[in-house]
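Numbering (the working numbering), first residue to last: 1134 to 1276.
If you want it as structure tokens, here you go:
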């Protein structure tokens, strides 16, 4: 390798280093300008004094929707279990609201096929484990 090629390599290398350092400094300046730097002993994350935490009692009293198929079949072959009859299974659990809903899945239209109807019960979170043991499923979006 001749001397000019060697100097060219060093110049290129120093230029790359200069570009890398410039990029790092630019990121630091932009980051600090957006308020993400630690200043005066404060933390990186802004902490709000009025943030409300949820107690275990409040969480236990959150309302959750659970449901179970009513076992009804198309064309009236089986009218299904009524909300009140199925409610008896949940006797030790406090039920806040009930309704009959479709499970949202597509079904074949054929006599004797399931309708997809379910009995929905709104209960407190603290009772969900009891309901699940009885065969109920927690619904994603209680409405």
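Yeah, the Cβ is synthetic: ideal placement off N, Cα and C, and Gly gets one too.
Rounded Cβ spacing between residue 1233 and residue 1211 (contact assumed at less than 8 Å)
By one-based count along the chain shown, residue 1233 stands at place 100. By one-based count along the chain shown, residue 1211 stands at place 78. About 15 Å separates the two Cβ atoms, so there is no contact after all.
Go through its chain and collect everything with a Cβ distance to residue 1276's Cβ below 7 Å, but skip five positions before and after it.
Mapped onto the chain shown, residue 1276 falls at position 143. For residue 1276, the predicted model reports a pLDDT of 45, less than 50, meaning its position is unreliable; a value from the coordinates is still stated below. Taken in chain order, the list of residues that qualify is empty.
Answer yes or no: do residue 1206 and residue 1249 have a C-beta to C-beta separation smaller than 7 Å?
Here residue 1206 refers to the residue found at position 73 of the chain shown. Here residue 1249 refers to the residue found at position 116 of the chain shown. Against a cut-off of 7 Å, the Cβ pair of residue 1249 and residue 1206 comes out as no contact.
Shortest alpha-carbon distance to residue 1227 belongs to which of 1204, 1264, 1238?
For the purposes of this step, residue 1227 is identified with residue 94 of the chain shown, where counting begins at 1. The option with the nearest alpha carbon to residue 1227 is 1264.
If we cut at 7 Å on Cβ distances, does residue 1232 have a partner in chain C?
Note that chain C does not occur in the displayed structure, where there is just one protein chain.
Kindly indicate which residue of 1254, 1268, 1267 has the alpha-carbon position closest to the one of residue 1196.
Counting from 1 along the chain shown, the entry for residue 1196 is found at position 63. The shortest Cα separation from residue 1196 among 1254, 1268, 1267 belongs to 1254.
In whole angstroms, give me the CA-to-CA distance for residue 1176 and residue 1256.
The count along the chain shown starts at 1 and reaches residue 1176 at position 43. The count along the chain shown starts at 1 and reaches residue 1256 at position 123. Caution is warranted here: a pLDDT of 49 is assigned to residue 1176, below 50, making its placement in the model unreliable, and no coordinate value can be reported.
For a quick check, are the C-beta atoms of residue 1213 and residue 1272 less than 7 Å apart?
Reading the chain shown from its first residue, position 80 is the one you call residue 1213. Reading the chain shown from its first residue, position 139 is the one you call residue 1272. Cβ atoms of residue 1213 and residue 1272: not closer than 7 Å.
Let me know if residue 1239 comes out buried or exposed under the rule of 16 or more other beta-carbons within 10 Å of its beta-carbon.
Here the question's residue 1239 lines up with position 106 in the chain shown. Exposed.
Based on Cα-Cα distance, which residue from 1223, 1189, 1247 lies nearest to residue 1268?
One-based indexing of the chain shown puts residue 1268 at position 135. Minimum Cα distance to residue 1268 is reached at 1223.
What residues are listed by DSSP as bridge partners for residue 1230?
Counting from 1 along the chain shown, the entry for residue 1230 is found at position 97. DSSP lists 1255 as partners of residue 1230.
Would you kindly report the start and end of the unbroken alpha helix (DSSP H) that includes residue 1216?
For the purposes of this step, residue 1216 is taken as residue 83 along the chain shown, with counting starting at 1. Segment 1216-1220, the alpha helix (DSSP H) holding residue 1216.
Look at the Cβ atom of residue 1198, then the Cβ atom of residue 1259, and state whether they are nearer than 7 Å.
Within the chain shown, the letter at position 65 stands for residue 1198. Within the chain shown, the letter at position 126 stands for residue 1259. Contact: no.
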